[in-house]
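Asks:
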Amino acid sequence: MGRLGEADALLICVPTPLTETRDPDLQYVEATARQIAATLRPGQLISLESTTYPGTTREVLLPVLSASGLKPGDDFFLAYSPEREDPGNPDFSADRIPKVVGGIDPESCRLAELLYGRAVVHVVPVSSCEVAEATKILENTYRSVNIAMVNELKMLFDRLGIDVWEVIDAAKTKPFGFQAFYPGPGLGGHCIPIDPFYLSWVARKHGLATRFIELAGEINTGMPDFVIRHVIDALNEAGKPLRGSKVCLLGVAYKRDVDDPRESPSFVLMERLLAGGAVLSYNDPHVPVLPDMRHYRVPELTSVELTPELLAAQDCVLIATDHSSYDYELIVRHAPLVVDTRNATKNVTQGREKIRKA
Ligand SMILES: NC(=O)c1ccc[n+]([C@@H]2O[C@H](COP(=O)([O-])OP(=O)(O)OC[C@H]3O[C@@H](n4cnc5c(N)ncnc54)[C@H](O)[C@@H]3O)[C@@H](O)[C@H]2O)c1
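Counting in our numbering, the sequence shown tops out at residue 360, every number present.
(1) Are leucine 313 and alanine 337 close, meaning C-beta to C-beta below 8 Å?
(2) Could you pull out every unbroken alpha helix (DSSP H) segment of at least 4 residues lying fully inside the region 201-274, listed in chain order?
(3) Answer yes or no: the CB of aspartate 197 versus the heavy atoms of ligand 1, is any distance below 7 Å?
(4) Answer yes or no: the CB of alanine 96 versus the heavy atoms of ligand 1, is any distance below 7 Å?
(5) Taking the alpha helix (DSSP H) that glycine 119 falls in, what are its first and last residues?
(6) Return the first residue and the last residue of the beta strand (DSSP E) that isoleucine 48 is part of.
(7) Find the nearest neighbour of glycine 278 within the set Gly219, Ala322 and Arg231, judged by alpha-carbon distance.
(8) In three-state terms, what does DSSP make of isoleucine 196?
(9) Cβ of alanine 81 within 7 Å of any heavy atom in ligand 1?
(10) Return the chain-ordered list of same chain residues with a C-beta closer than 6 Å to the C-beta of alanine 218, the five sequence neighbours on each side being excluded.
(11) Give me whichever residues DSSP pairs with arginine 358 in a beta bridge.
(12) Roughly how many angstroms lie between the CA atoms of glutamine 316 and serine 95, to the nearest whole one?
(13) Could you compute how far the alpha carbon of serine 68 sits from the alpha carbon of lysine 348?
(14) Is isoleucine 164 helix, strand or coil by DSSP?
(15) So is the beta-carbon of arginine 86 under 7 Å away from any non-hydrogen atom of ligand 1?
(16) Measuring alpha carbon to alpha carbon, tell me which of Tyr55, Tyr330, Leu332 and Gly224 ends up nearest cysteine 131.
(17) Would glutamine 46 be called buried (16 or more neighbouring beta carbons within 10 Å of its own) or exposed?
(18) Mapping DSSP to helix, strand and coil, what is glycine 105?
(19) How would you label lysine 207, buried or exposed, when you count the other beta carbons within 10 angstroms and need 16 or more for buried?
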């Protein structure tokens, strides 16, 4: 960090998690800003990329950097440009994703535009850093709310005996006005479950509520209970209680084909299964050992090998993440019962009577 003065541009992309009480935790942004301020020199451009609430760049970052004695917009320049990654997406690497930039002043915006223009396919300048910050929060809130909507519809359609995934596949044949979102066992990852609460926090500060965000959070965090209910009911149909039943959970990463377990609903599922007395094991080709998590009591487990013998010895196999390397035909052929939260088994042809979608 002592060499930060050597670079002409510094891009900050440190974590922006939530505290226990779901308030923004900006300690990493602030600590980094203080370290940058210590070596700040004339001509440097600072760009914040961490996801955060509108106002952070000007109200949190700018005062720390200005304490260096250098003048913003004259001596140094400050912009916000949200990171827009989609981990595991082979079609959109970082250089192919357009980058939104907003500055604390027009010159900061212009410099950030020049910088990112060398690296990414398209730069979208906006009128302020607040607009750029709000853009990122809109994108993530849009996902959170739409995922909550299909999760709620999943529970309703399940009661009506309708397959929500079939409905979504049919609806997405409409060539305009509909974008498909898919239900699952709950929300995961370090962005979608967290970022909208940055906006709720700033709304509360201004005396306003963000009801869509709160409702989406409520529905999405309730999904693991819906899944566990299905596991219990399916075991019950086979004359087995959850207590003492062998359950193998497939997929700990929060989404398909990535190795990132942050905020994964699989940890909630595991907690509930263990609390109910299940004999738990798991498999995830991308997560060989369960990591320590800040908010969950994680059992000391390593990923088991998915052999026909292991599958046959289970009372239930619970698919939490639909990794593409799984052989779903093999899983359904050997497991006595498969609870599928992702419609991962949709192409399985034999043994479908053993599958319960949840
Ligand atoms: N990873 C993604 O796909 C993604 C996508 C969009 C937005 N974001 C946002 O980007 C930000 C970073 O997320 P991430 O997933 O890359 O986080 P991360 O946990 O991978 O950490 C990013 C980096 O910050 C460093 N770091 C942590 N504390 C630091 C400190 N005090 N000083 C200096 N460096 C420090 C870490 O060592 C790491 O290299 C978050 O605001 C997140 O919401 C991430």
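Glycine is no exception: its CB is placed at the ideal position from the N, C-alpha and C atoms.
Replies: Judging by the given coordinates:
(1) yes
(2) 213-239
(3) yes
(4) no
(5) 108-119
(6) 47-50
(7) Arg231
(8) coil
(9) no
(10) Ser146, Val147 and Ala150
(11) Val341
(12) 39 Å
(13) 57 Å
(14) coil
(15) yes
(16) Tyr55
(17) buried
(18) strand
(19) exposed
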